[in-house]
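Chains as they are written, first to last, in the working numbering: chain A, 74 to 280; chain B, 74 to 280.
Heads up, the beta-carbon is just placed ideally off N, CA and C, and yes, glycines get one too.
Scroll down for the structure; my scribbles are underneath it.
Protein chains: 2
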Amino acid sequence: MIHSVVIMAKRASRNGTTGKRELILRAATRVFARNGYFNSKVADIARAADVADGTVYLYFKSKEEILHSIFDQNMAAAIASGRELIANVKDPREKLRRIAKLHLERLGADRDLAVVFQVELRGSTKFMEEFSAAGFAEYLNLLRTIFEEGQRSGAFRKNLSAKVMTKILFGALDEMATNWIISQRSYKLEPMADVVMDVFLNGVSAE
Amino acid sequence: MIHSVVIMAKRASRNGTTGKRELILRAATRVFARNGYFNSKVADIARAADVADGTVYLYFKSKEEILHSIFDQNMAAAIASGRELIANVKDPREKLRRIAKLHLERLGADRDLAVVFQVELRGSTKFMEEFSAAGFAEYLNLLRTIFEEGQRSGAFRKNLSAKVMTKILFGALDEMATNWIISQRSYKLEPMADVVMDVFLNGVSAE
DNA sequence: GTCAACTGAGTGATGATTCATTCAGTTGTA
DNA sequence: TACAACTGAATGAATCATCACTCAGTTGAC
Numbered sequence: 074m075i076h077s078v079v080i081m082a083k084r085a086s087r088n089g090t091t092g093k094r095e096l097i098l099r100a101a102t103r104v105f106a107r108n109g110y111f112n113s114k115v116a117d118i119a120r121a122a123d124v125a126d127g128t129v130y131l132y133f134k135s136k137e138e139i140l141h142s143i144f145d146q147n148m149a150a151a152i153a154s155g156r157e158l159i160a161n162v163k164d165p166r167e168k169l170r171r172i173a174k175l176h177l178e179r180l181g182a183d184r185d186l187a188v189v190f191q192v193e194l195r196g197s198t199k200f201m202e203e204f205s206a207a208g209f210a211e212y213l214n215l216l217r218t219i220f221e222e223g224q225r226s227g228a229f230r231k232n233l234s235a236k237v238m239t240k241i242l243f244g245a246l247d248e249m250a251t252n253w254i255i256s257q258r259s260y261k262l263e264p265m266a267d268v269v270m271d272v273f274l275n276g277v278s279a280e
Numbered sequence: 074m075i076h077s078v079v080i081m082a083k084r085a086s087r088n089g090t091t092g093k094r095e096l097i098l099r100a101a102t103r104v105f106a107r108n109g110y111f112n113s114k115v116a117d118i119a120r121a122a123d124v125a126d127g128t129v130y131l132y133f134k135s136k137e138e139i140l141h142s143i144f145d146q147n148m149a150a151a152i153a154s155g156r157e158l159i160a161n162v163k164d165p166r167e168k169l170r171r172i173a174k175l176h177l178e179r180l181g182a183d184r185d186l187a188v189v190f191q192v193e194l195r196g197s198t199k200f201m202e203e204f205s206a207a208g209f210a211e212y213l214n215l216l217r218t219i220f221e222e223g224q225r226s227g228a229f230r231k232n233l234s235a236k237v238m239t240k241i242l243f244g245a246l247d248e249m250a251t252n253w254i255i256s257q258r259s260y261k262l263e264p265m266a267d268v269v270m271d272v273f274l275n276g277v278s279a280e
């Protein structure tokens, strides 16, 4: 009886919905967020995941690959989620609003993840360059495509560089997220998207 | 004759306007920008400054203090410069325009410094918190004060949170700088301030 | 000769990664 | 059903390179 329960528990944590890889990624996100990437020891991650040091290396080639995986996985999910969300929306303004909300909603839902995205991933040009080559550029492209659509439809001023407008919008949202992390007082992050979009849309709209 | 020139040169680099402390700070900025803070060895900085390892510790308590000093010194200079620049400007819009231009001009003038500010200083929550407590908050306050002035004068919409507007503006400028660093193609950074201010002022202006 | 500035080899701690070993669970055979 | 042989996931102690920082000694200006 007791024996079988123990076995079940073991099974659940070993082969259940939460694989060990996923488990380690989550633990790493927590550890990176609390100590910073460079101050985090692989041993810390292992302990947080309740796993031996060596086990980490069965799933990841290196400490760096863990950070990469956190980024890749979440970025891919975010972009997919964003595409889906605007699939049958027509108005470019509304599309941007939804993306912005999603952006802050996702980060606001997981402070540790937000710290990794806003702080740890920025901590080296090497990372920044690799990341921008990867999913990050794709995200900016998504925003840009929508903006250009809005320019064609006459909603946004045509003399503005869509690329630059994209950076402005992203920068504003990004700063909301970063500030939210740093500030001690806890407020809701996602509603900030409305204010940002108000100012931004007002700033770029035609006539 | 020649001798005295050499002596002068030595003096200049040793006790003149450029003290050893300054020399080390500049070298560190270069090294941090190229390798990242955590990957930079104190020995690298010493070599870059053409100084022995130990000498670095005659001027700085630790590697971390070097990074702090780079931030403190430049931030203080930037704020002073900004205050001076708007001293006898009346129009809040124009004040913001000038600050924005100064912001991007300073970063655009020294790529290494820009990398340290945009990338290396963001790489840990610990730093971020300390830095925001220091000069960074003061910079945001400067922006906010101007914005509030503009609200009182009726130039900007009064129902907007000055604090949030400040973050939006800062975030947009910040992203311009970060993108400028990452992008390979070299363009002028400072003119981007005009575009940002166009959209921002348009977005927040009353009526 | 004195003193402040400077030097750079040495030290001690740290932490990423490896790998010999264990053992729970599976397979194949009778 | 029983059991021997096998598999490979998981372990964690040991390795080994790496640096931040120290300090005993040197230099050179006056």
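About 12 Å separates the beta carbons of residue 274 of chain B and residue 219 of chain B, which is beyond the 8 Å limit, so they are not a contact pair.
Chain A has no Cβ within less than 8 Å of the Cβ of residue 222 of chain B. Contact of residue 196 of chain B with chain A is assigned, a C-beta pair being separated by under 8 Å.
Residue 239 of chain A: member of the alpha helix (DSSP H) spanning 235-255, first to last residue. Of all residues in the segment 86-120 of chain A, only 109, 111 come within less than 7 Å of chain B when Cβ atoms are compared, listed by chain position.
For residue 278 of chain A, the secondary structure class from DSSP, reduced to helix, strand or coil, is strand.
From the listed residues B:253, B:260, B:235, the smallest Cα separation to residue 214 of chain B is found for B:235. The beta carbon of residue 110 of chain B sits closer than 7 Å to the beta carbons of 140, 193, 196 from its chain, once the five residues preceding and following it are set aside; these are given in chain order.
Contact of residue 252 of chain A with chain B is assigned, a C-beta pair being separated by under 8 Å. Secondary structure of residue 200 of chain B (DSSP, three-state): helix. Counting of Cβ neighbours within 10 angstroms places residue 174 of chain B among the buried residues, the total reaching 16 or more. For residue 243 of chain A, the chain B residues whose Cβ falls inside 7 Å of its Cβ are 248, in order along the chain. Put simply, the CB of residue 148 of chain B is far from chain A, with every gap to its CB atoms at 8 Å or more. Residue 229 of chain B sits in a strand when the DSSP states are folded into three classes.
Against chain B, the beta carbon of residue 275 of chain A has neighbours under 8 Å at 275, 276, 277, listed in chain order. For residue 189 of chain A, the closest Cβ of chain B is not nearer than 8 Å.
Neighbours of residue 240 of chain B in chain A, taken as residues whose beta carbon is under 7 Å from its own, are 248, 249, 252 in chain order.
Under a criterion of Cβ atoms nearer than 7 Å, no residue of chain A is adjacent to residue 124 of chain B; the nearest Cβ is some 25 Å distant. The criterion of a C-beta distance shorter than 8 Å is not satisfied by residue 115 of chain B and residue 97 of chain B. The C-beta separation of residue 249 of chain B from residue 262 of chain B comes to about 7 Å, placing the pair in contact by the 8 Å criterion. In terms of Cα proximity to residue 95 of chain B, the closest of B:132, B:105, B:162, B:159 is B:132. With at least 16 other beta carbons inside 10 angstroms of its own, residue 155 of chain B counts as buried. Contact of residue 272 of chain B with chain A is assigned, a C-beta pair being separated by under 8 Å. Within chain A, the residues whose beta carbon sits less than 9 Å from that of residue 268 of chain B are 233, 234, 237, 238, 241, listed in sequence order. In the structure shown, residue 218 of chain A falls within a helical segment according to DSSP collapsed to helix, strand and coil. Under the DSSP assignment, residue 155 of chain A falls in the alpha helix (DSSP H) whose first and last residues are 136-159.
With respect to residue 188 of chain A, residue 106 of chain A sits close: the two C-beta atoms are nearer than 8 Å. Straight across, the Cα-Cα distance linking residue 226 of chain B with residue 221 of chain A is about 35 Å.
Burial of residue 247 of chain B is indicated by the presence of at least 16 other C-beta atoms within 10 angstroms of its C-beta.
Under the 8 Å criterion on CB atoms, residue 129 of chain A is classed as non-interfacial with respect to chain B. Chain A places a beta carbon closer than 8 Å to that of residue 192 of chain B, counting this residue as a contact. Of the residues assessed, residue 266 of chain B falls on the buried side of the cut-off, its CB having 16 or more other CB atoms within 10 angstroms.
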